[in-house]
Amino acid sequence: MSSRPVALIFILTTVPAFAGPPAKLSEPELARKVDALLAERWKDTKVVPASRTDDATFIRRAFLDLAGRIPSILEIRDFLDDDRPDKRRIWVDDLLRGLRRDNRSDTYSDHFAAVWGSLMVPVGSEEQGAGNSIAFQGWMRNQLREKVGYNEIVRRILVNEGGGEVQSFYQANENKPENLAAAASRLFLGVKLECAQCHDDRSGGQWTREQFWELAVFFSQGTALDIPGAKRRVEARFLDGTAPDLTKLRNPRETLAKWMTSAENPYFASTAANRVWAYLFGIGIIDPVDERGDQHPPSHPELLDELATQFVLHDFDLKYLLRALIMTEAYQRVSLSTHPTQEDPRLFARMQVRGLSAAQLFDSLAEATEYRTERNPPNPYVDPSRRQSPRDDFVNRFTSRDRPTEATTSILQALHLMNGPFMARSTSLEHNRTLATVAEASKIDTARRLETLFLVALSRKPTEAELARLKPYIDRGGPTGSRKKALADVFWALLNTAEFRVNH
Amino acid sequence: MRLFDSANGKVKTTIKINSPYPDSLQFTADGKTLIGRGMNDAAISLWEVAGARLLKTVGKPNDPTGVVRVRSAYSPFGTGGTMSVSGDGKLAACAEGNVVRIVDLVNGKDLHEASGHGGPIAALAWSADGKSIQSLSQDATLRRWDGANGKEQGLTRVPPNAYTFTLSHDGRWLVTEGTDGTTRVVEVATNKERQQIKGEQQFRYAIHAISADGKTLAIRSRYEPITRLYSVETGKPLATLGTMSPMDAPFRRLYQVGAIAFSPDGTLVAAPASETSLALWDVPAGTSRREFAIPPGVQLRDVRFSPDGRSVALDLSDNRVIIYEVATGTERRRYVRKGDTEVPTMPTRGVFINSTGMLGTRTLALSPDGRRVALAGDKRVIHVWDLLTGEELGQLKGHQGDVTALAFSPDSKALASGGEDAVGLVWDMTALKGTKKEPPKLADDELKRLWDELQTPNGGKGFEAIAALASTPAQSIPLLGERLKLPEPVEPGRIDKLIVDLDARRFPTRKKAQDELEQMGMLAATALQKALDGKPSEEMRKRILELLDKAKGQNLTPGQLQYVRALEVLERTATSEARAVLTRLSKGPDGALETVAARAVLSRMR
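Chains as they are written, first to last, in the working numbering: chain U, 1 to 504; chain S, 1 to 606.
So this is what it looks like as structure tokens:
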């Protein structure tokens, strides 16, 4: 048997032994702890953290992260006028409940079904791939609506429980044991094993080829596999080197799922927590999220441990993590750099500006332009994307695997936005009800009309300077002398600003 | 015709009928008599269900080629294409060649013979008031006959080249499509062609359906997942439903042809939204209200609304029947056909005209009492499930060919099936018993939990609560009687004040107004619409639209959902105590959703 340093690593990275069991923290307690752990690091480097965001920026950020779109004008106006002192917490709770204005839309489940779903079964360009992804996201939506814990969701995927929709995960990995093993270890343990498929990991990782194939055995029909071209046969074995008792269970994947999703597995909860962190902050504590190892040490190991511990103690409740992290001061800081010490993104001293995903961008545009038909499907169990709809066209074209903070697709998105017929139509007076209403509403002045357009597009009120520049333009009627057309021009321009295209 | 004892599956009686495709099986309203005829057969037979006895045969077998063209005929009143039973179940009108025979179903006597048609009759139906009969013939006329004496009362000319006919439920309109692809709407009473709708390429040989109120015509393409709605009265296009499939679609869903249905109250139509989804669309606005995914590669074989309009059932080719709750668009229950391993390559086997006038087999039937669902499976098996418990009550085997027609008797006690083996079978539904025992007495906290569960947005859990409460009426009805309150009447001027408050500067004032108006539902609809027409601000407009949307009852608040589900419990138990509660609730303020719903239940229970 080969040497197994990894087993040692597992032991060493396990949550250190406490005098007693770790205390279960409420969301506000965890939020405070997170901020304290970040601040501790800043002491050494004398970091001056950025200030707290204003309400408008906060709620736009939270909507984009939790509902996948900007707030509607009603939502932004209500939030800004809400005078309850803890309104941020109240609104985040609403967002995590999926807004639930009615029985059919649950924005949280819809959005995170796409977030998790496209991660586990990526949207493929081929017909079958797209179908797979859609079916899988539908299943994921149900799990989220039913408040199934993250560990149980993963268990269901690993044992292929949940009908044809979960099967999509297997189809996306061509039903090959090696592909499934690589995907499962990467997605659920943050361990990138792919290199070890053909040779021992030489990129600084610690995984042997043998280990890779031992894991792959779990996804095969039998209890052993031949390593291709190596004339060696390996039996099923977990990544920590222990061997399962396969005789007791009919389904080897059941055993694997039990081991992988167990509260004792230090990689499982920690990878999920890191993924949620990276989703909200644009960069992981271990980064890249899928490449745990010596090459990519965590920026705040004690913070990641705490998140993982609490995630386990709260029964792998994703909403608990999201709620706690969003209530941190770290999440609520402005993204504008106000001090040179804030430059290192891994210190989390200010928020990172993140490019919108294609779906976030489209759904935000749809919200701003009141594009109804293809947005927010009436049935929560149906994936919003239907082929050939403008939404699909857009999402397929711009779905990016880039890190959100390096959103290179934004330029493409910008060009597409400015030139696309969809955009032209959506910002025309004939087709946009919002514009028509703003232009025709009686009893309001130009400043109020502009304020409405700013709230609709940028989720904030215009600054004095912006008003001073734009008011005369509208009153003059722009180049054509038509006040209505000038309003439409301003609206088009607002939707094409960099501010609209990012989560800042 | 074989009559089976479904308890032991043995044949009780066999009656040979000499034509395939018995598409016109129909029970009389009292469920005692079954009337049937073959598609290519002008002979009508009446059987006594209890004694499995042939009561009477009317007419003689026709030359099969003589009636081939009647395949597209549509009889909106009864379930039979060329036979219709009067509303009181006493008389039947049967087509025999060019003649309409009026038969006394009680004693089997021929009463009258109505002649005048110059060609074979394609379809006939009793009028809603039970006084007259309309018949459509290949002589290109629609004639109206006095049901009491068989005398001709009027004649309407059918447009030339017509090969499909659809009559509105009230008998006022006749819709045809000609070989030139033009759909024509003829007003029956005046014999005038009122509308002409030129068919685009994708709407050639389309499927037509008219809503129960006779106001809306749906024309469903057979080549694309697209349907158009028109006003029957004005011919004006109302909405286009669905999206065209992409040009590179691997194969077109030509086979989804049967999958369209109007809800019983005519406010919704189930029609494809895309190649892989079916939607419930608002009629006539054409807004998609609910949408159901059909997995890639799976075909929709049939879609049906339950008689109470609360559920919609989808028969899918992957062996699943899924029942969705219309109110929430979520799944109530799914039934899996076990033992059917053959997945059909084409969803419609033996395409033919069925009782609802659309091409395609009807593979689903929901019993009028809302307790059972029957499904024509593959391998010639009929599955019957208990709708509430989800238990499969039986697999009925007797047909020698695929089952192509299914219908419950009005009292839900019998199920009639027709198959490609030219045999019609009647199954005694009372012999099918579930294994589940009488539910135990519920503890008080369990009862309270079930009441709370009625407001869950999850259709499945809500349905379980409905089932549990409906099976323990002795406990549930007193609880519902106590909890279901009449909506409060609104003081004058209150609604207008709240609408003004919707635009208040302060958030708490706005929120309070919004919540209160939402609770009022349809009561506030007229005033809201008026405010919307007065050029309000952008925020005001959106707030009003949201409220109107909810008021239409499509997006129920949890409280409203609980209310309508509780009404469903009362309807399912159908006891005198339940009726008393419903009667009290029906006296609430006019226009309130709760009152409207209670009145609808009572009218169905009559």
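Built from N, CA and C at the ideal position, the CB exists for glycine as well.
Along the chain, where does the alpha helix (DSSP H) that runs through residue i open and close?
{"i": "residue 505/S", "result": "Looking at the DSSP string, residue 505/S is not in any alpha helix (DSSP H), and its letter there is neither H nor E."}
{"i": "residue 211/U", "result": "209-217"}
{"i": "residue 171/U", "result": "164-172"}
{"i": "residue 27/U", "result": "27-45"}
{"i": "residue 80/U", "result": "73-81"}
Considering only the alpha carbon of each residue, which of the options lies closest to residue i?
{"i": "residue 388/S", "options": "464/S, 403/S and 143/S", "result": "464/S"}
{"i": "residue 371/U", "options": "425/U, 89/U, 188/U and 328/U", "result": "425/U"}
{"i": "residue 218/U", "options": "207/U, 196/U, 229/U and 175/U", "result": "175/U"}
{"i": "residue 484/U", "options": "257/U, 76/U and 438/U", "result": "438/U"}
{"i": "residue 569/S", "options": "534/S, 281/S, 467/S and 593/S", "result": "467/S"}
{"i": "residue 471/U", "options": "212/U, 489/U and 267/U", "result": "489/U"}
{"i": "residue 174/S", "options": "189/S, 181/S and 180/S", "result": "189/S"}
{"i": "residue 471/S", "options": "587/S, 440/S and 146/S", "result": "440/S"}
{"i": "residue 197/S", "options": "233/S, 120/S and 567/S", "result": "233/S"}
Please state whether the Cβ-Cβ distance between residue i and residue j is less than 8 Å.
{"i": "residue 272/S", "j": "residue 238/S", "result": "no"}
{"i": "residue 272/U", "j": "residue 238/U", "result": "no"}
{"i": "residue 35/U", "j": "residue 278/U", "result": "no"}
{"i": "residue 154/S", "j": "residue 102/S", "result": "no"}
{"i": "residue 234/U", "j": "residue 243/U", "result": "no"}
{"i": "residue 385/S", "j": "residue 396/S", "result": "no"}
{"i": "residue 365/S", "j": "residue 300/S", "result": "no"}
{"i": "residue 121/U", "j": "residue 253/U", "result": "no"}
{"i": "residue 136/U", "j": "residue 149/U", "result": "no"}
According to the neighbour-count rule (16 or more other Cβ atoms, all chains shown, within 10 Å of its Cβ), is residue i buried or exposed?
{"i": "residue 43/U", "result": "exposed"}
{"i": "residue 198/U", "result": "exposed"}
{"i": "residue 607/S", "result": "Outside the displayed span of chain S (1 to 606) sits residue 607/S, for which this structure offers no information."}
{"i": "residue 605/S", "result": "exposed"}
{"i": "residue 354/U", "result": "buried"}
{"i": "residue 601/S", "result": "buried"}
{"i": "residue 48/U", "result": "exposed"}
{"i": "residue 221/U", "result": "exposed"}
{"i": "residue 84/U", "result": "exposed"}
{"i": "residue 306/U", "result": "buried"}
{"i": "residue 288/S", "result": "buried"}
{"i": "residue 275/U", "result": "buried"}
{"i": "residue 90/U", "result": "exposed"}
{"i": "residue 503/U", "result": "buried"}
{"i": "residue 387/U", "result": "Interpretation of residue 387/U is limited by its pLDDT of 42, a score under 50 that renders its predicted location unreliable; the figure taken from the coordinates is listed afterwards. Under this definition residue 387/U is a buried residue."}
{"i": "residue 236/U", "result": "buried"}
{"i": "residue 508/S", "result": "exposed"}
Where does the unbroken beta strand (DSSP E) through residue i begin, and where does it stop?
{"i": "residue 292/S", "result": "288-293"}
{"i": "residue 112/S", "result": "110-114"}
{"i": "residue 463/S", "result": "Per DSSP, residue 463/S belongs to no beta strand (DSSP E); it is in the alpha helix (DSSP H), 459-470."}
{"i": "residue 333/U", "result": "Careful: residue 333/U lies outside any beta strand (DSSP E) and carries neither H nor E."}
{"i": "residue 325/S", "result": "320-325"}
{"i": "residue 614/S", "result": "Outside the displayed span of chain S (1 to 606) sits residue 614/S, for which this structure offers no information."}
{"i": "residue 208/S", "result": "207-210"}
{"i": "residue 315/S", "result": "311-316"}
Which residues does DSSP list as the beta-bridge partners of residue i?
{"i": "residue 428/S", "result": "414/S"}
{"i": "residue 173/S", "result": "187/S"}
{"i": "residue 383/S", "result": "375/S and 395/S"}
{"i": "residue 567/S", "result": "For residue 567/S, which the question treats as bridged, DSSP gives no partner whatsoever."}
{"i": "residue 197/S", "result": "183/S"}
{"i": "residue 262/S", "result": "269/S"}
{"i": "residue 314/U", "result": "Residue 314/U is not bridged to any residue."}
{"i": "residue 152/S", "result": "145/S"}
{"i": "residue 422/U", "result": "None; residue 422/U has no bridge partner."}
{"i": "residue 227/U", "result": "232/U"}
{"i": "residue 230/S", "result": "217/S and 237/S"}
Residue i CB to nearest chain B CB: under 8 Å?
{"i": "residue 86/U", "result": "Checking the listed chains, one finds no chain B in this structure; the protein chains it contains are U and S."}
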